[in-house]
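Numbering (full-length UniProt numbering), first residue to last: 1 to 937. Please read the structure below before turning to the comments.
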């Protein structure tokens, strides 16, 4: 029977859509299972075959759980705000909403074509005002909250105000920007402006001056992961460090909870390690170093207070506010020059450059509180303002960077730890080191020495023991257009949240998407974007009078804002009264299975955990963590093609001859190759791009052979394979099976289109099990034991594989089972009906078609998954290999339950044994039940 995949797949995709097969009801009588893919960003390039890998895996699992009787939530939506759409708008003048809508339409068309069982009715888009209304609402909740360290949770800001009104800061334990101390009387007599300024010190969403990655070319602040080698990942524009007033999220309040919560998550260990490193918990001491001839002192956090005797100089981050006060007049130019130089480096660059130390002397000196020696105060870009206090006590004998710095600037090196030198460096000369013995340290191990030194520091009132975290508060504002407006207006320069009734604060229309001439963000171009407090509405900016009409915040939220809570909105996407009903978030709870890329380890996944913990603290939801189990899928790699251009010419030399010339290796589109070979189609190449139109070729054996290389599949590498083409030629079921067949889900693997034909052949074999002479032919006969054994071997393997996410080995077992059933010419309903159900999570279209042919009116989607029965794998007979002196001569079928005496009696009575013995008695009969018989002559 002809397997017409095109008609079959179109038929069932139409059926699923018209019957809303995958629409999920919140049926609390069923056990729930929540399966989710990481939020896709709809780019203009559409999907390539690498993108669906994780979606296919999650879809298999979602379908499997439906077969098991679970109420499955498997939604889809789009992370539709972002820089690419805005940059396209700047280049073309087209509104980002238009291109975003076009991109989503394209994505949805491709996703539907692959046959995913998404509940499309729950689709959300972060750029839809009905969605970002609630992102803004969450921001306001964060703005109106503080972190009570005594209760270890976020609380409404009103409870903090009440505390201030009653006792001021007395007894207060709070996460804050700086330590404040005031009485209730001082608070109650303060102006509203002063009170609001104080509250900003405690709010979980707050505004403060922050060092950011500023990209003038894009006109916006960039996150660390958007910067590479000092340039923007998008566009390659220079990025500078700059201090700006920015909105931040106090994620640091949750550092310990984020760290401890990892222990209860079923996530890949490398991912958990990344978060643990990012959070960076360190135990140590905060030490004050007094500055000579100054009222200033320098606070330093150190994890090794036991090395303080070896601290010989102090290094400040160039951004440290102390630099201005500590720089002497003679050093001002040198310091400013160095600060300007540092501004061109991102923090990531500064951290990565371990060997090339640089710096500048401020002209000031501090005092070592234990040795009382003078310590020169320098600035250097290897010290980061965001870690600790933005200052380090340098112990060059026991820290590699400090040592390099000391060598470069001729600073003292003092060894204090067990008279040993820790630095492993060829240039190190022990004669450079001076050994200092301290009565505090003699005979003590590291931990005891550390504890004793901290105790001494506290006795001298020069510091205290403390815990520090590397993680910093997350910068939340972006100087972009295409993002969620921040629901804040400014009165007397102080931020106030808009009333909830004013949400959503919608993106205004602007004439251009670039910053204003005055340097304000793009929203500064809006003509109607001011807040009328009296009439509670957005009005023209011309009406701003700072009396009743006030300016609105011009920055927008970062890309991670909308993706930090979208998994909650899926529980209740149509709710206009709340972000999600608590009864529904309680029912769906955590995402049971989350699949996505490992690149989001310290971005999206940390922010999502932070927002979930916050919403739990404020009792809007009941669970602490968003994602119970997480799997990072590997990449499907592309097979790129390259041509070799002889440098300085327009000649292109074939692969084998390239070694004879000085050449430049150039990517070419894989579609320019002939069929599945490595041969370049010369005419296609010449018309591909104008610069190749006059190309000349040096051939080998009359052909131009390209070089092939496996690398990341990317539009920029011209190695993208379009899933639409695969679905057209081989079908979506074939694509789904093949992507799983390529290898373990978590591993990266190369794409090879040639491999599709084998999987397509399997589908045709499977389909034809149900037909004879082009007619559907399924028998009602009872299957044989052998047929039942094949079926239940498959059930056992597939259930185990799905539970372990080993989808590739399931596909292999499908092929084995179908081949065996084909040999037996199996056409029994009791075999073929469950077979269709077992395959349906992987290849749903063909399974639905055959289920229908079997006489079912309802979809296969909710048919119970076949249950494995061990009895069908228990052997009634054993085919014993019978050997004589270790050489197998024949096989003897015996009942599986026979004991050793009965087996020996049976084998010795066999005529073939007698022929081998030739009338002699065996010296020994060795029997391993259910395995072998060996007769020793």
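C-beta: ideal position from N, C-alpha, C; glycine also.
Within the DSSP secondary-structure output, residue 596 pairs in a beta bridge with 632.
Here residue 59 is buried, its C-beta having at least 16 other C-beta atoms within 10 Å. Rounded to the nearest angstrom, the gap between the Cα atoms of residue 294 and residue 211 is 26 Å.
Taken in chain order, the whole beta strand (DSSP E) runs of length 3 or more contained in the region 510–538 are 530–532. Within the DSSP secondary-structure output, residue 712 pairs in a beta bridge with 637.
Annotation for residue 466: the continuous beta strand (DSSP E) segment containing it runs 463–469. Under the three-pair Cβ rule at 8 Å, the region 760–773 counts as touching the region 817–834. In the structure shown, the three-state DSSP call for residue 667 is strand. DSSP, reduced to helix, strand and coil, places residue 870 within a helical segment of the structure shown. In the DSSP annotation of this structure, the continuous segment of the alpha helix (DSSP H) that includes residue 901 starts and ends at 900–909. When C-beta atoms of the region 862–874 are compared with those of the region 93–102, fewer than three pairs fall below 8 Å, so the two segments do not count as touching. Taking C-beta atoms under 8 Å as the contact rule, residue 838 and residue 795 qualify, at a distance of about 6 Å. Our two residues, residue 491 and residue 165, have alpha carbons roughly 23 Å apart in a direct line. For residue 613, the enclosing alpha helix (DSSP H) stretches over residues 604–617. For the region 189–251, the full-length alpha helix (DSSP H) segments reaching 4 residues or more read 192–200 along the chain. DSSP, read as helix, strand or coil, puts residue 481 in coil. Residue 252 sits close to residue 175, with the two beta carbons spaced by under 8 Å.
A straight line joining the alpha-carbon of residue 792 with that of residue 873 spans about 7 Å. With contacts defined as CB atoms closer than 8 Å, residue 474 and residue 249 qualify as a contacting pair. Boundaries of the beta strand (DSSP E) harbouring residue 651: 651–653, taken from the DSSP string. Inter-residue distance for residue 613 and residue 257 is about 9 Å (C-alpha atoms, whole angstroms). Every beta strand (DSSP E) of 3 residues or more that sits fully in the region 272–360 is shown, in chain order, as 281–290, 297–302, 313–316. Rounded to the nearest whole angstrom, the C-alpha separation of residue 402 and residue 201 is 34 Å.
Secondary structure note for residue 889: its beta strand (DSSP E) is the uninterrupted segment 887–895. In the DSSP assignment, residue 415 falls outside any alpha helix (DSSP H) and within the unbroken beta strand (DSSP E) covering 413–415. Residue 597 is not a Cβ neighbour of residue 717, given a cutoff of 8 Å. Boundaries of the beta strand (DSSP E) harbouring residue 73: 71–73, taken from the DSSP string. For residue 917, no pairing in a beta bridge is given by DSSP.
The secondary-structure analysis by DSSP pairs residue 37 across a beta bridge with 595. Sequence-distant partners of residue 911 (beyond 5 residues in either direction) whose C-beta falls short of 8 Å from its own C-beta are missing from its chain.
Straight-line measurement puts the Cα of residue 654 at about 45 Å from the Cα of residue 1. Contact between the region 3–13 and the region 110–122 is present: three or more C-beta pairs spanning the two stretches fall below 8 Å. For residue 404, the enclosing alpha helix (DSSP H) starts and ends at 400–409. Each residue's CA atom was taken as its position, placing residue 269 and residue 276 some 10 Å apart. Put simply, the backbone Cα of residue 589 is about 14 Å away from that of residue 608.
Bounds of the beta strand (DSSP E) holding residue 877 are 877–884.
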